[in-house]
Structure formats: structure tokens, C-alpha cells
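**Q** Add 63 to a position in the sequence shown, counting from 1, and you land on the number used in the numbering used here.
Ideal Cβ positions, reconstructed from N, Cα and C, are used throughout, including at glycine.
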Amino acid sequence: MYGHVDEVNTSTAIHERVDPKLEYCYNQYSRNGDVHIDSKFSYDLFDGQVTSILLSYTINNPTQQRLEDFRDTCNSFYEVYGFMIDNSTPCVYFKAVDLYDMATLIHALDYQTVSLESVMCAVDASLTKEDAIYSPSGTHLLQLPDIPHYRIKEGTLFICPFATKHCKRLRELEVPAGLVCPDEVLSEYRFPLNVKVWETHYDGTPVEEEEDDDDDDMPIFDDQDVGYSKDGKKLTGCKFTFNETRYEVPDGVEEIDDCAFLSCRHYLELSVPRSVRVIGDSIFGNGGQIVIRD
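Shown next as C-alpha cells:
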């Protein structure tokens, strides 16, 4: 339910089915000589939900140039364009901390006959392409069923990328009220599709709009997508679009929330003023250091 999981069987599957092809691609196009690689797959759980997944590669003779060339090879090979270099290990890795990147990596490995759907949700062995697959919370639809007509469950908030990858027969789709921006995913579908978006519940009763009682608690984001409380005294966290390697917390901030920079994909140098009195747990998603300034 909680903690870090090293998925040994998946690592073995990737090493056997994918690594030889990836190694061949690197050795074919790199001028730095042959390289031998070893993959490792792991993920983090919180309350039964996958919060991040990590695919990392170690290589022999990991010079900076070799690491950069291998990272570029991984980006091209997997077509995910998010691999990073960790010089301290050293390794090349892809870390997915949101459902979009997770679904992208799922698709990339699925294409190489390595399935991650059992990692993302409890998948029954009897499930087929004619069954829908949802995340454990039910908020994310990972796979649409390949049947002529399907009604997405109410309470679903997102359709993940490549959810239509197994579909050929789907022609009519009913979308519940509250589902966020399905157009981008559904536009990938290669066949005619009639989509009905409901404005009421499926039984015809109206959808009650939630009162915005929490408006006062909504953070205010700066131009680097870092959020603060309205009084400016608490740093609440950054968006997934935060893409800095160094960030300076403004003077006057007194508290930094738990997991504030969990979605940051880089090693982060965080400059903190002496006004800060409380720094939460696990504030970095990919490592970092805190520098107290005068």
C-alpha cells in the first residue's frame, strides 16, 4: 500500500525484450563506441495509488558524452522525450510523476511487449481488449473497450493518452459530466466516433455545482508556476509545468509545504530566506539542496 517497489520481474522483461534493441540503436549511431546497458524499473505507492514510476539505465564507461548520447537515444527509441541524466549515480532515467507521463511510458513499453497495466491498476487476468480498465480510484480511464458502444463511468475525471490504442470497433462513446478535456485523447482515434457529452447525470438528474467555499485556500502562482497562499507566507507547491534547476523563494515566506517540489523533474537548488521557519517533508521530487541566504 505504501513505499517504494523495485519491480524485479518487469526489470527482467525490459532487459530481455527491450534492452538489446535499445543497445543496438545506440551502438549503431553513436561515435563513442559500443555500450552495454542494464535497466531497472520501480515505482512509488501512496495509499494504494502509484504516485511515480521510474525507468533507469546504467551504462558501461559512463562519460558525460556517453550519457548524453544514450539519453538522446532513449528519447528517440521510446519517443517520450523526457529522459534525464543523473551524474551522481550515474544513470539515464525517465521519471513519470503524473498520469500523462505514466500512460505515455505504459504505451512505449507496451509497444515493446512489456505491459505495465498491472502496475497502474489491479488487472484481472481475464480482462481482454473488450474490457475497460480504470485506475484504482476510478478517476482515470486507462483503456477504452473495443466494443461498438460504451458509456464511461460517472466519476471519471480523465482519459489517459493512448486509451484507444486497442480499439477498432468503437463507434459511439458517452462521456459523463465533469470529465476533463477528452478531445485531445479522442482525436488520436483513427476511426469514426460519435461522442455524446452529458450535461446531466446519466439518469437525467442535474449535476449539482459545488460551491466554491475553498476559493480562499486556492494558491496564487508566480511566473514560474510555484504557488503561494494569498498572504504570501506559505509556499504550497509547484505545478507539473515547473521546469527550473534553481528557484529563489521570496523574502517573507515563513513555511514550505510537504512535497512542494515533488513534480520537479530536475535536481533543484532551492534558495530560501531566513524568514522561513518550517520546511515540510519530501519537498524534492528528484533530489535537491536547500541554500539559506541572508
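CB-CB under 7 Å to residue 232, same chain, minus the five flanking residues each way: which ones, in chain order?
**A** Taking the sequence shown and counting its residues from 1, the one referred to as residue 232 is at position 169. Closer than 7 Å at Cβ, skipping near neighbours: 209, 210, 211.
**Q** Could you name the residues of the same chain whose beta carbon sits closer than 7 Å to that of residue 164, not counting the 5 residues immediately before and after it, in chain order?
**A** In the sequence shown, counting from the first residue as 1, residue 164 sits at position 101. Result list for residue 164: 145, in chain order.
**Q** Rounded to a whole number of angstroms, what is the C-alpha to C-alpha distance between residue 272 and residue 238?
**A** The residue you call residue 272 lines up with position 209 of the sequence shown. The residue you call residue 238 lines up with position 175 of the sequence shown. Spanning the alpha carbons of residue 272 and residue 238 requires a straight line of approximately 18 Å.
**Q** How is the alpha helix (DSSP H) around residue 134 delimited, first residue to last?
**A** On the sequence shown, residue 134 is found 71 positions in, with the first residue counted as 1. Note, residue 134: alpha helix (DSSP H), 127-141.
**Q** On the DSSP letters alone, give me the boundaries of the beta strand (DSSP E) that residue 88 sits inside.
**A** Here residue 88 is taken as the residue at index 25 of the sequence shown, counted from 1. Per DSSP, residue 88 belongs to no beta strand (DSSP E); it is in the alpha helix (DSSP H), 82-92.
**Q** Closest to residue 235 by CA distance: which of 256, 229, 251 is it?
**A** Position 172 of the sequence shown, counting from 1, holds the residue named residue 235. Closest option to residue 235, Cα to Cα, is 256.
**Q** With C-beta atoms as the reference, is residue 105 less than 9 Å away from residue 67?
**A** In the sequence shown, the residue the question calls residue 105 occupies position 42. In the sequence shown, the residue the question calls residue 67 occupies position 4. Yes, Cβ-Cβ distance for residue 105 and residue 67 is below 9 Å.
**Q** Would you call residue 190 buried or exposed, if buried means 16 or more other Cβ atoms sit within 10 Å of its Cβ?
**A** To locate residue 190, count along the sequence shown from 1; it is residue 127. Residue 190 counts as exposed, since fewer than 16 other beta carbons sit within 10 angstroms of its beta carbon.
**Q** Considering only their Cβ atoms, is the gap separating residue 333 from residue 300 smaller than 9 Å?
**A** Locating residue 300 in the sequence shown gives position 237, counting from the first residue. Locating residue 333 in the sequence shown gives position 270, counting from the first residue. No, the Cβ-Cβ distance between residue 300 and residue 333 is not below 9 Å.
**Q** Suppose you measure from the CA of residue 318 to the CA of residue 343; what does that come to, to the nearest Å?
**A** Locating residue 318 in the sequence shown gives position 255, where the first residue counts as 1. Locating residue 343 in the sequence shown gives position 280, where the first residue counts as 1. Roughly 8 Å between the two C-alpha positions.
**Q** Output needed for residue 150: all residues of its chain with C-beta closer than 8 Å, excluding positions within five of it in sequence on either side, in chain order.
**A** Numbered from 1 along the sequence shown, position 87 holds the residue referred to as residue 150. Only 127, 130 meet the Cβ criterion.
**Q** Can you tell me which of the three DSSP states residue 250 falls into?
**A** The residue given as residue 250 occupies position 187 in the sequence shown. Residue state, collapsed to three classes: coil.
**Q** Under 9 Å, do residue 112 and residue 198 count as touching if we go by C-beta distance?
**A** As a working note, residue 112 is residue 49 in the sequence shown. As a working note, residue 198 is residue 135 in the sequence shown. Result yes, Cβ atoms of residue 112 and residue 198 sit closer than 9 Å.
**Q** Could you tell me which residues DSSP pairs with residue 122 in its beta bridges?
**A** Here residue 122 refers to the residue found at position 59 of the sequence shown. Answer is 100.
**Q** Suppose only complete runs of 4+ residues qualify. What are the alpha helix (DSSP H) ranges in the segment 156-232, listed by chain order?
**A** Taking only runs of at least 4 residues, the alpha helix (DSSP H) segments lying wholly in the segment 156-232 are 162-174, 180-183.
**Q** Determine, using beta carbons only, whether residue 119 and residue 88 come nearer to each other than 9 Å.
**A** By one-based count along the sequence shown, residue 119 stands at place 56. By one-based count along the sequence shown, residue 88 stands at place 25. No, they are not a contact pair.
**Q** What first and last residue would you give for the beta strand (DSSP E) that runs through residue 352?
**A** If you number the sequence shown from 1, residue 352 lands on position 289. Per DSSP, residue 352 belongs to the beta strand (DSSP E) from 351-356.
**Q** Can you tell me the Cα-Cα spacing of residue 136 and residue 142, whole angstroms?
**A** Translated into the one-based positions of the sequence shown, residue 136 becomes position 73. Translated into the one-based positions of the sequence shown, residue 142 becomes position 79. Spanning the two alpha carbons is a distance of roughly 9 Å.
**Q** Starting from the C-beta of residue 99, find all residues in its chain whose C-beta is less than 8 Å away, skip the five residues before and the five after it, and write them out in chain order.
**A** Here residue 99 refers to the residue found at position 36 when the sequence shown is read from its first residue. Result list for residue 99: 86, 122, 123, in chain order.
**Q** Using alpha carbons as the reference points, say which of 312, 306, 84, 155 lies closest to residue 291.
**A** Within the sequence shown, the letter at position 228 stands for residue 291. Its Cα nearest to that of residue 291, the residue 312 stands out among 312, 306, 84, 155.
**Q** How close, in whole Å, do the beta carbons of residue 168 and residue 223 come, if the pair is a contact with beta carbons under 8 Å?
**A** Translated into positions along the sequence shown, residue 168 becomes position 105. Translated into positions along the sequence shown, residue 223 becomes position 160. The Cβ separation is near 11 Å, so there is no contact.
**Q** Quick one: what does DSSP say residue 95 is sitting in, helix, strand or coil?
**A** Taking the first residue of the sequence shown as position 1, residue 95 is located at position 32. Correct three-state label for residue 95: coil.
**Q** Could you tell me which of 253, 108, 251 sits nearest to residue 182, measuring between CA atoms?
**A** Along the sequence shown, one-based indexing puts residue 182 at 119. Of the listed residues, the one whose Cα sits closest to residue 182 is 108.
**Q** What residue range is occupied by the uninterrupted beta strand (DSSP E) comprising residue 309?
**A** Numbered from 1 along the sequence shown, position 246 holds the residue referred to as residue 309. Per DSSP, residue 309 belongs to the beta strand (DSSP E) from 309-311.
**Q** How about residue 354 and residue 339: do their beta carbons lie closer than 9 Å?
**A** For the purposes of this step, residue 354 is taken as the residue at position 291 of the sequence shown. For the purposes of this step, residue 339 is taken as the residue at position 276 of the sequence shown. No. Outside cutoff.
**Q** Tell me whether the beta-carbon of residue 258 lies closer than 9 Å to the beta-carbon of residue 269.
**A** Position 195 of the sequence shown, counted from the start, is the residue given in the question as residue 258. Position 206 of the sequence shown, counted from the start, is the residue given in the question as residue 269. No, the Cβ-Cβ distance between residue 258 and residue 269 is not below 9 Å.
**Q** Would you say residue 206 and residue 84 are within 9 Å of each other, going by their C-beta atoms?
**A** To locate residue 206, count along the sequence shown from 1; it is residue 143. To locate residue 84, count along the sequence shown from 1; it is residue 21. Not in contact: residue 206 and residue 84 (Cβ atoms no closer than 9 Å).
**Q** If I measure Cβ to Cβ from residue 260 and keep anything under 7 Å in the same chain, skipping five residues before and after, which residues do I get?
**A** Within the sequence shown, residue 260 is the residue found at index 197, counting from 1. Listed in chain order, the non-local C-beta contacts of residue 260 below 7 Å within the same chain comprise 238, local neighbours out to five positions each way being set aside.
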